[in-house]
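Working notes, beginning with the structure itself.
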Amino acid sequence: MKEGKSGRKIPRKKDLDIDVIPADDSILMTEKSFLHSTPKKQKSVFDEENEEFNLPFEKENLDLTEKMDLSINASFSIEENYSFNHDDYLKIPDGETLLPGGWLTGGIIDKVILSLITAIDLDKNILYIDSINYLSLNKKRYGSIIQYLNQVQAFNKDMILVCINTDTERGEHWILGVIVFKDKQVILLDSMRQSKLQNDRRVAFINCLIIAFISAQVAKINLDINEWRCIYSVDAPQQENGYDCGLFVCLYAYSILKQQRFITVDSEKGRKWILNICLNSEDKYPEISNEMKLSRSGVENIINLINTLNFDRLRGGREMIESNIMQSLKKPIREWSYCDFESCSGDPNWSQAQNFCIVCRKWYHNLCDQNGLNADYFYCTKCLKESKNLIF
Ligand SMILES: [Zn+2]
Ligand SMILES: [Zn+2]
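In this note's numbering, the protein residues as written are 9 to 400.
Right, here's the structure in full:
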């Protein structure tokens, strides 16, 4: 799928090179029922009575699934048993840290999560902020991450995964941050909840809010951080030793990408799973467009805004503790099967292109909403008229 000058669009057959699979329960409907019902908002495909996420194309639609090349995904399965000899660990940078008891480096975590995204997130709706970008953010060096979030059009994504390192004098610890634009949530998945590093947690929330804020700013939207919730997950599986936080960050990302329950594996098995990914994978950073470089003054304006934001309000009650986090992450990511235009006259099937409005985060047929602004991002007619958060 190309994300070019005109914002995010519906993935088309030719782009994906696979059969297009309807996004939701619509595959269970007949052609006829579409004709006699108005398109409606897609229902959640999460069946609360089932523990497993009941994604239609994993279950009912196996014949289509088989046509996708699942060989890449299969090789990353946590269910497999991998065996390696000592030399295999030396074939990748920092590979020896994967031996029992080693502390995983950011380089390895970045390689694993980027590889999983490349293999599983075929729609490219999830962005990853790697350990290096997070480090500069944590040191309040915002320039490069502002350029990066602009070039990858981060606000067109559904979700951002953030590789957080607490990096304090009390020691380094890996946490996975999850930014969900539609729900206005930052979620922390921490495998050492007992450590009581309250301030580290607070800094991690603030850094994720800053990433969300910058993503919106470069898309010409003023994001109100008062509307955002910071959620500390109390159902993320916990490490049982002092060194496996990096492994757990990879496992959290795997569960989110696969839309599965959180899983735990024993340390040795998990480390072999990681080595297998590092040895056999393709990790790709998203393509970036150099045309989208911001001017120095544009970057400075955003830095000034960040410095004037009052993130201290986080101290009082904005942070929540929740369990059942995976359930809130299980919302269907593909929401482009219906058009949200009030008087949609389009085809509810797959023949017409749609645009994704980054303000209301809904999809509209090109033909239905012809007065939206179709620039680097798409802004629908309604939001152009009504939204107070646009900054142009
Ligand atoms: Zn329409
Ligand atoms: Zn809109």
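Cβ coordinates follow ideal geometry from the N, Cα and C atoms, glycine included.
Comparing the CB of Gly354 with every heavy atom of ligand 1, is any distance shorter than 7 Å?
-> Residue numbering aside, residue 354 sits at position 346 when the sequence shown is read from its first letter. The nearest non-hydrogen atom of ligand 1 is less than 7 Å from the C-beta of Gly354.
Which residue's Cα is closest to the Cα of Leu313: Tyr150, Ile239 and Glu350?
-> If you number the sequence shown from 1, residue 313 lands on position 305. It is Tyr150.
CB contact check: Asn249 to chain D, cutoff 8 Å = Among the chains in the structure shown there is no chain D, since it carries only a single protein chain.
Whole-angstrom distance between Arg369 and Lys49, CA atom to CA atom = Locating residue 49 in the sequence shown gives position 41, where the first residue counts as 1. Locating residue 369 in the sequence shown gives position 361, where the first residue counts as 1. Because Lys49 carries a pLDDT of 25, less than 50, the predicted location of this residue cannot be relied on, and the following value inherits that uncertainty. One Cα belongs to Lys49, the other to Arg369, and the distance between them is close to 13 Å.
CB of Phe408 to nearest heavy atom of ligand 1: below 7 Å?
-> Because residue 408 is not part of the residues shown, which for the chain are 9 to 400, the question remains open.
Runs of alpha helix (DSSP H) wholly within the region 186-242 (minimum 4 residues, chain order) | Restricting attention to alpha helix (DSSP H) runs no shorter than 4 residues, the region 186-242 encloses them at 206-225, ordered along the chain.
Does at least one heavy atom of ligand 2 sit under 7 Å from the Cβ of Cys391?
-> As a position in the sequence shown, residue 391 is number 383, starting the count at 1. Taken from the Cβ of Cys391, at least one heavy atom of ligand 2 lies inside 7 Å.
Would the region 283-300 and the region 104-124 be scored as touching if the rule is three or more Cβ pairs under 8 Å?
-> Yes, the region 283-300 is in contact with the region 104-124.
Quickly, what does DSSP pair Ile134 with across the bridge? List them, please.
-> Reading the sequence shown from its first residue, position 126 is the one you call residue 134. Answer is Met167.
Length of the line joining the Cα atoms of Asn315 and Glu295 | Numbered from its first residue, the sequence shown carries residue 315 at position 307. Numbered from its first residue, the sequence shown carries residue 295 at position 287. Roughly 29 Å between the two C-alpha positions.
Nearest neighbour of Ile233, chosen from Phe189, Ser199 and Lys147 [CA to CA] | Residue 233 sits at position 225 when you count from the first residue of the sequence shown. When Phe189, Ser199 and Lys147 are compared, the shortest CA-CA separation from Ile233 is found for Phe189.
Roughly how many whole angstroms lie between the Cα atoms of Cys376 and Leu98?
-> Translated into the one-based positions of the sequence shown, residue 376 becomes position 368. Translated into the one-based positions of the sequence shown, residue 98 becomes position 90. Their backbone Cα atoms lie some 56 Å apart in a straight line.
Those runs of the alpha helix (DSSP H) which lie wholly inside the region 310-395 and span at least 4 residues = DSSP runs (the alpha helix (DSSP H)) wholly in the region 310-395: 333-337 and 389-394.
Kindly give me the distance between the Cβ atoms of Val194 and Phe163, rounded to whole angstroms, as I take these residues to be in contact under 8 Å.
-> Against the sequence shown, residue 194 aligns to sequence position 186. Against the sequence shown, residue 163 aligns to sequence position 155. 15 Å between Cβ atoms; not a contact.
What residue range is occupied by the uninterrupted alpha helix (DSSP H) comprising Val160?
-> Working through the sequence shown from its first residue, we reach residue 160 at position 152. Neither: Val160 is in no alpha helix (DSSP H) and is coded neither H nor E.
Where Cys209 falls, given that 16 or more other Cβ within 10 Å makes a residue buried | Start at 1 with the first residue of the sequence shown, and residue 209 comes out as number 201. The question names Cys, but residue 209 is Arg in the sequence shown. Its Cβ being crowded by 16 or more others within 10 Å, Arg209 is buried.
Whole-angstrom distance between Ile333 and Leu72, CA atom to CA atom = Reading the sequence shown from its first residue, position 64 is the one you call residue 72. Reading the sequence shown from its first residue, position 325 is the one you call residue 333. The predicted position of Leu72 is uncertain, since its pLDDT is 39 and thus under 50; a value taken from the coordinates is nonetheless stated next. Roughly 30 Å separates the two Cα atoms.
Is the CB-CB distance between Ile229 and Ile366 below 8 Å?
-> Locating residue 229 in the sequence shown gives position 221, counting from the first residue. Locating residue 366 in the sequence shown gives position 358, counting from the first residue. Note that the C-beta distance between Ile229 and Ile366 is below 8 Å.
Is Leu392 closer than 8 Å to Gly380 when the C-beta atoms are compared?
-> The residue given as residue 380 occupies position 372 in the sequence shown. The residue given as residue 392 occupies position 384 in the sequence shown. In contact: Gly380 and Leu392 (Cβ atoms closer than 8 Å).
From Ala244 to Ser331, what does the alpha carbon distance come to, in whole angstroms?
-> In the sequence shown, residue 244 corresponds to position 236, counting from 1. In the sequence shown, residue 331 corresponds to position 323, counting from 1. CA-to-CA, the gap between Ala244 and Ser331 works out to about 8 Å.
For Lys292 versus Leu122, is the C-beta spacing smaller than 8 Å?
-> On the sequence shown, residue 292 is found 284 positions in, with the first residue counted as 1. On the sequence shown, residue 122 is found 114 positions in, with the first residue counted as 1. Here Lys292 is near Leu122, since their CB atoms are less than 8 Å apart.
Between which two residues does the alpha helix (DSSP H) carrying Leu112 extend?
-> Here residue 112 refers to the residue found at position 104 when the sequence shown is read from its first residue. For Leu112, there is no enclosing alpha helix (DSSP H), since its DSSP letter is neither H nor E.
When Ile187, Ser241 and Ser85 are compared against Ala220, the one with the closest alpha-carbon | Here residue 220 is taken as the residue at index 212 of the sequence shown, counted from 1. The residue among Ile187, Ser241 and Ser85 with its C-alpha nearest the C-alpha of Ala220 is Ile187.
Thinking Gly250 and Ile116 are a contact (beta carbons under 8 Å), I'd like their distance in whole angstroms, please.
-> Within the sequence shown, residue 250 is the residue found at index 242, counting from 1. Within the sequence shown, residue 116 is the residue found at index 108, counting from 1. Their Cβ separation, rounded to whole angstroms, is 18 Å, which puts Gly250 and Ile116 out of contact at 8 Å.
C-alpha gap between Asp32 and Gln267, whole angstroms | Here the question's residue 32 lines up with position 24 in the sequence shown. Here the question's residue 267 lines up with position 259 in the sequence shown. Confidence in Asp32 is poor, its pLDDT being 35 and thus under 50, which makes the residue's placement unreliable; the coordinate value appears in the next sentence. Approximately 14 Å between the Cα atoms of the pair.
Do the CB positions of Val226 and Leu157 come within less than 8 Å of each other?
-> One-based indexing of the sequence shown puts residue 226 at position 218. One-based indexing of the sequence shown puts residue 157 at position 149. Yes.
Pick out whichever of Cys347, Leu217 and Val170 has its Cα sitting closest to the Cα of Leu317.
-> Walking along the sequence shown from the start, residue 317 turns up at place 309. Distance check between Leu317 and each of Cys347, Leu217 and Val170 places Leu217 closest, using alpha-carbon atoms only.
For the putative contact between Asn146 and Asn207, defined by C-beta atoms under 8 Å, what is the C-beta separation to the nearest angstrom?
-> Position 138 of the sequence shown, counted from the start, is the residue given in the question as residue 146. Position 199 of the sequence shown, counted from the start, is the residue given in the question as residue 207. Wrong, their Cβ atoms sit about 13 Å apart, outside the cutoff.
With a 10 Å radius around its C-beta and 16 neighbouring C-beta atoms as the bar for buried, classify Ile310 as buried or exposed.
-> Working through the sequence shown from its first residue, we reach residue 310 at position 302. Flag for Ile310 reads buried.
Looking at the unbroken alpha helix (DSSP H) that takes in Lys280, where does it start and where does it end?
-> Here the question's residue 280 lines up with position 272 in the sequence shown. First-last of the alpha helix (DSSP H) with Lys280: Ser275 to Asn288.
State the DSSP-derived secondary structure class of Ser41, mapped to helix, strand or coil.
-> Within the sequence shown, numbered from 1, the residue matching residue 41 stands at position 33. With a pLDDT of only 31 at Ser41, under 50, the local geometry of the prediction cannot be trusted, and the value read off the model is given with reservation. Helix, per DSSP.
At which residues does the alpha helix (DSSP H) containing Ile254 begin and terminate?
-> Numbered from 1 along the sequence shown, position 246 holds the residue referred to as residue 254. Inspection of the sequence shows that residue 254 is occupied by Gly rather than by Ile. That run of the alpha helix (DSSP H) goes Cys253 to Lys266.
Look at the alpha carbon of Phe364 and the alpha carbon of Lys396, and state the distance between them as a whole number of angstroms.
-> Position 356 of the sequence shown, counted from the first residue, corresponds to residue 364. Position 388 of the sequence shown, counted from the first residue, corresponds to residue 396. Spanning the two alpha carbons is a distance of roughly 19 Å.
From which residue to which residue does the alpha helix (DSSP H) around Ser144 run?
-> Indexing the sequence shown from 1 puts residue 144 at position 136. DSSP places Ser144 in the uninterrupted alpha helix (DSSP H) bounded by Ser139 to Asn146.
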